[in-house]
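Numbering (my numbering), first residue to last: 17 to 376.
Glycine residues also receive a C-beta, built at the ideal position from the N, C-alpha and C atoms.
This structure is a prediction, so every number in the text was calculated from the model and none was measured.
Below is one structure, written out as structure tokens, with a few remarks after it.
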Amino acid sequence: MKVKINRYIKVLFILFFTFSTVLNSHAAEETPESEPFDPAAVIFEHIQDAYWWHITTIKDKHISIYLPVILYSKSSGWHVFSSSRLDHGHEYAGFHINSDGKIVEKTTSGEEVKPIDLSFTKNAADIMISSAIMLFIFLSAARWYRRHPKNAVPNKFVSAVEMLVMSVEDDIIRKSIGEKHYKRYSPYLLYAFFFILINNLLGLIPIFPGGANLTGNITITFFLAFCTLIAINLFGNREYWKEIFWPDVPTWLKVPIPLMPLIELFGVLSKPFALMIRLFANIMAGHSAILAITCLIFITAKMGMAMNAGMTVFAIILSIFMDGLELLVAYIQAFVFTMLSAVFIGMSLPEHHQKATKRL
């Protein structure tokens, strides 16, 4: 047990020092000696989406993975080129990246206009990477079961996949939705669980293929919550809609002012909204906290050797603790999103009151 704990600590040390190296190279690149170190700019740039995957800087040479930029301008039509043409404030074909990190086009009158942007950004690339990882995991496990008899003992990898799948399906999906309907929703809920978990873990890796703040992006969490909203309301039964538009409450709460139906309709939207904000806020807060703690090293660099050394040790210890905590949060957030989605879906499939009364 002690050997395993020591291995985990070593892994966290490696992750932290790798992350510090990346942040240090970025600080050296963006903040020359004449300018003060701006932690807010560093934090926001690392948690926001980007048109390239910056790895490190060695002797003023930037090592990045540049992604394709796809734009449509009303004045000049379609443009496809590498994001390297826009790196470090460069302008290409009238396009440049503004202070918000978005590509804009400067018109002849000097006005900045946002074109239709279909670029392949870092978050989009991370979706492809996480999807490839999920395909590898599930297809590898399926191949093992296809090639071995039912009574065969699976290896460690297949056992781990089976344990996660069965725990999510049996302990969350089946119990929350019920035996009658759970199989219809298992594919989506299992996908949501593994998608969130894998991307949460990838976000903790400071260098390629990690480092993308995918589940800390409000657009991604909005889409996941929207899928849950569709699953709830598209397949909700008649009893579910009856409880929304004509609930079992005194009539004066329903007519002439539909007070309770309005409250129920508000609940239809507030449930997925809570899913979206919870996942986004927790992942964003965790990444921001680790970045802020690491920035203490560079903020105190000009306060003297003793102060800087003390804060460096403090930042390392606290960052290792936060990294370990984020590993736990990565699983918890995937678990909570899947559990609440399953509970909300189960609530959209209530049995008829008369049937329930007869059973009692």
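{"Item": "Bridge partner(s) assigned by DSSP for Ser451", "Value": "This structure cannot settle anything about residue 451, because the visible part of the chain is limited to 17 through 376."}
{"Item": "Distance, Ile223 Cα to Ser80 Cα", "Value": "11 Å"}
{"Item": "Where the alpha helix (DSSP H) containing Trp160 begins and where it ends", "Value": "138-163"}
{"Item": "DSSP-derived helix/strand/coil call for Ile59", "Value": "helix"}
{"Item": "For Thr310, the three-state DSSP class (helix, strand or coil)", "Value": "helix"}
{"Item": "Of the listed residues Ser175, Lys75, Val85, nearest to Ala158 (C-alpha basis)", "Value": "Ser175"}
{"Item": "Cβ neighbour criterion (16 or more within 10 Å) applied to Trp94", "Value": "exposed"}
{"Item": "Per DSSP, cross-strand counterpart(s) of Asp186", "Value": "Paired residues: none, contrary to the question."}
{"Item": "Reduced DSSP secondary structure (H/G/I, E/B, other) of Gly302", "Value": "helix"}
{"Item": "Sub-7 Å separation of Ser202 and Glu185 beta-carbons", "Value": "yes"}
{"Item": "Enclosing beta strand (DSSP E) for Thr72 [first to last residue]", "Value": "68-74"}
{"Item": "Beta carbon of Leu87 nearer than 7 Å to that of Pro131", "Value": "yes"}
{"Item": "Rounded straight-line distance, which links the Cα of Thr124 to that of Ile260", "Value": "54 Å"}
{"Item": "Other residues of its chain near Lys374: CB distance less than 6 Å, five sequence neighbours each side excluded", "Value": "Interpretation of Lys374 is limited by its pLDDT of 43, a score under 50 that renders its predicted location unreliable; the figure taken from the coordinates is listed afterwards. Contacts found: none."}
{"Item": "Simplified DSSP state of His104, which is helix, strand or coil", "Value": "helix"}
{"Item": "Thr73 to Ile63 span [Cα, whole Å]", "Value": "19 Å"}
{"Item": "Where Leu230 falls, given that 16 or more other Cβ within 10 Å makes a residue buried", "Value": "buried"}
{"Item": "Three-way DSSP call (helix, strand, coil) for Lys122 in this model", "Value": "strand"}
{"Item": "Counted within 10 angstroms of its Cβ, other Cβ atoms place Thr310 as buried (16 or more) or exposed", "Value": "buried"}
{"Item": "Range covered by the beta strand (DSSP E) that runs through Ile221", "Value": "Neither: Ile221 is in no beta strand (DSSP E) and is coded neither H nor E."}
{"Item": "Inter-stretch contact (C-beta, 8 Å, three-pair minimum) for the stretch 290-306 and the stretch 231-247", "Value": "yes"}
{"Item": "Separation of Gly110 from Gly362, as counted between CA atoms", "Value": "52 Å"}
{"Item": "Alpha-carbon to alpha-carbon, Leu205 and His104", "Value": "41 Å"}
{"Item": "Beta-carbon spacing of Glu121, Ser89 below 7 Å", "Value": "yes"}
{"Item": "Among Glu367, Ile236, Tyr161, nearest to Tyr256 - alpha-carbon criterion", "Value": "Glu367"}
{"Item": "According to DSSP, residues forming a beta bridge with Gly93", "Value": "Ser89"}
{"Item": "Identity of the residue in Met150, Lys318, Ile214 nearest Phe351 by Cα", "Value": "Ile214"}
{"Item": "Inter-residue spacing [alpha-carbon to alpha-carbon] between Thr267 and Lys258", "Value": "14 Å"}
{"Item": "Limits of the alpha helix (DSSP H) - the one that Phe251 falls within", "Value": "Premise fails: Phe251 is in no alpha helix (DSSP H) and is neither H nor E."}
{"Item": "Of the listed residues Arg190, Gly117, Leu83, nearest to Glu61 (C-alpha basis)", "Value": "Gly117"}
{"Item": "Per DSSP, the bridge partner or partners of Val359", "Value": "DSSP lists no partner for Val359."}
{"Item": "Bridge-paired residues (DSSP) for Ile332", "Value": "According to DSSP, which records beta bridges pairwise, Ile332 is partnered with nothing at all."}
{"Item": "Lys130 in three-state terms, based on DSSP", "Value": "coil"}
{"Item": "Beta-carbon proximity check, Phe154 vs Leu83, cutoff 7 Å", "Value": "no"}
{"Item": "Anticipated Cβ contact below 8 Å, Asn253 with Leu356, distance rounded", "Value": "About 20 Å; that fails the 8 Å criterion."}
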